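Trainee: Numbering (the UniProt record's numbering), first residue to last: 1 to 530.
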Amino acid sequence: MKNSVSDRSFYIESSDDEDLEKELDNGEDDGNESDSSGLSMNNQNHKQSSSYNTTAWPKSYRQSIDMLGSVHSPSLTRFGSSFLSSSLTRRFTPEAFSTSIIKPLLSTVVDQPQKHAPHSHLGLPSRRSSLSMRRDEKDNPAIDSHGLPISRHSSFGQAVANGMNALCGVGLLSTPYAMKEGGWLGISILLIFAVLSFYTGILLRVCLDSKPGIETYPDIGQAAFGALGRVLISIVLYVELYASCIEYVILESDNLSTLFPSVHITFGGFELNAHLLFAIATALAVLPTVWLRDLSILSYISAGGVIASIVVVVCLFWVGVVDNVGFHGTVTPLNLSTLPVALGLYGFCYSGHAVFPNIYSSMGKQSQFPAVLFTCFGICTLMYACVAIMGYLMFGESTLSQYTLNLPGDLAASKIAVWTTVINPFTKYALTISPVAMSLEEFIPPNHPNSHIYSILIRTALVISTLLVGLSIPFFGLVMSLIGSLLTMLVTLIFPCACYLRILKEKVPFLQEAHAMEEDNLNQVRQIGV
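#1: Which residues does DSSP pair with Thr266 in a beta bridge?
#2: Considering only DSSP beta bridges, list what Ser154 is partnered with.
#3: Taking the alpha-carbon of Tyr384 as reference, which of Val160, Ser188, Gln158 has the nearest alpha-carbon?
#4: Does the Cβ of Phe348 have 16 or more other Cβ atoms within 10 Å, making it buried, or fewer, making it exposed?
#5: Please report the residue range of the alpha helix (DSSP H) in which Asp219 lies.
#6: For Thr338, I'd like the list of residues in its chain whose CB is within less than 6 Å of its CB, leaving aside the five on either flank, ordered along the chain.
#7: Ends of the alpha helix (DSSP H) at Asp209?
#8: Any idea what DSSP makes of Ile214, helix, strand or coil?
#9: Suppose contacts are defined by Cβ-Cβ distances below 9 Å. Is Val263 in contact with Phe278 by that definition?
#10: Do you know offhand how far Leu431's Cα is from Leu287's?
#11: Using CA atoms only, rank isn't needed, just tell me which of Ala498, Ala243, Gly183 is closest to Thr330.
#12: Would you kindly work out how many angstroms separate the C-alpha atoms of Gly304 and Asp209, rounded to a whole number?
#13: Grab the span of the alpha helix (DSSP H) containing Phe348 for me, first residue to last.
#14: Considering Cα atoms alone, identify which of Ala159, Asn406, Val206 is closest to Val306.
#15: Quick check: the Cα distance between Gln368 and Phe377, rounded to an integer number of angstroms?
#16: By alpha-carbon positions, which one of Ile528, Met489, Lys505 ends up nearest to Leu196?
#17: Spatial neighbours of Trp436 within its chain, please: C-beta separation below 6 Å, excluding the five flanking residues on both sides.
#18: Can you tell me the Cα-Cα spacing of Leu410 and Thr404, whole angstroms?
#19: Taking the alpha helix (DSSP H) that Arg62 falls in, what are its first and last residues?
#20: Grouping DSSP H, G and I as helix and E and B as strand, with all else coil, what is Val369?
#21: How long is the line joining the alpha carbons of Cys315 and Ala388, rounded to whole angstroms?
#22: For the alpha helix (DSSP H) containing Pro58, name the first residue and the last one.
So, in structure tokens, the structure goes:
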């Protein structure tokens, strides 16, 4: 989905941008005074950018999330004859990040001398500043901590595809169940979450533009709350990814046992039923992919998640209309007793904010990011709402946590939907668990002779733990609701607002008024004391 292309393909400038660039070109020959001013600004920006470097955990976040969100486009020419052997043994040790001592992970922003345009209260940078940053990136492309270039030339279509790939996941399968749990009026929660998530996505962009060098979600946390904020946000993001892998195990077990319900194994008086057997088989199948280091091929395959989502939606519509299953479900206006479950399920549908900063950083024309978000949320919300309504009308109160489990097994469209649901998580499991594994591998002592063995043990332990948790809590809908209510709410709604208020507290009008009132009250207290 994200093939490497030339810079020229993505730099389609508007006439206004061209005029501004001409002004910048004319300003390059202003003399020694301008050069001195530019050097001073360069040093200042470098100092600010260096505060968000790779010395703080997690160091591997940028690379791992880029691969998960299909943002970074590795070239297939990187695959050599030693690919398999190096993929199984190579580990990103602290030495791999040693370049951070002389060069920060995040690129230093170099601005040409310019007159600062008035900024809005959100703290957005001027268009002139963004143009100068873009020109500097053309001449000095940003390099990540592993020496790989950070792509900043994603087109509008690529950014939309990556955003939809992050949003359209397994949550789509549970929207009919969410409507059953919340009732017809509960669909309004989905729409409210869509609006709020879009707004907080814009807040993340403002935070990214507030200071030079901020490029990822943990960077935003560090800019807002220091090292503690970086670690806290990273832990929540990693727990959310880990919980998603648990959902994949439960998903595979449920759908494969539906396809082959009579499969079982008996040995030594102990019987493995279909659910247990397929859960173990899933863990064994994904384990070799988790051991791999270079997941470039998987990232290209998993980018087809948007296509997979469209396929299962079309199959649901086909079963309801063409195969004459019909839409005859009962109508329940509102279920207050189970509304919290629907709240969590709808919230899980918008768990893409961990990838949004990386998508924004990779865009060639970053001014299009709001339009990218609007397109992604608009299409995904429409898809979620249609599936929720169709699924609930088709199956009514018998709707299960995954509507693929309700589809008649003898229909061709049903089999296509189930097999699509089964295959897709196999490509996403390794990409989803790898950020967690890489963050834990950073604690392995550098230059340890058995580092690759420890790395394999860490990744194997993560897979086994997701299997055990999935077998202990084999309730797909409830686990998803818990993730949506706790982790997704933090990542999507709470953290962006908290970081925005913290970083831009001096530029938010009502915070300025509150601060002024606080100062007046303190002055009055001092006067009374005197």
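Yeah, the Cβ is synthetic: ideal placement off N, Cα and C, and Gly gets one too. In this text the structure is predicted, and so the values were computed from the model without any measurement.
Mentor: By the coordinates alone:
#1: Glu271
#2: Residue pairing by DSSP places Ser154 opposite Met363 in a beta bridge.
#3: Comparing Cα positions, the closest option is Ser188.
#4: buried
#5: Residues 217 to 259.
#6: Glu181
#7: 187 to 210
#8: coil
#9: For the 9 Å CB-CB criterion, Val263 and Phe278 form a contact.
#10: A direct Cα-Cα distance of roughly 12 Å separates Leu431 from Leu287.
#11: Gly183
#12: 31 Å
#13: Start and end: 339 to 348.
#14: Ala159
#15: 14 Å
#16: Met489
#17: Rather than Trp, the amino acid found at residue 436 in this sequence is Val. Once the five neighbours on either side are set aside, the close Cβ partners of Val436 are Tyr238, Leu241, Tyr242.
#18: Here residue 410 is Asp; the residue named in the question, Leu, does not match the sequence. About 13 Å.
#19: 61 to 68
#20: The sequence as given places Phe at residue 369; Val does not occur at that position. In the structure shown, Phe369 sits in a helix (DSSP, three-state: H, G or I).
#21: 14 Å
#22: That residue, Pro58, is in no alpha helix (DSSP H); it is neither H nor E in DSSP.
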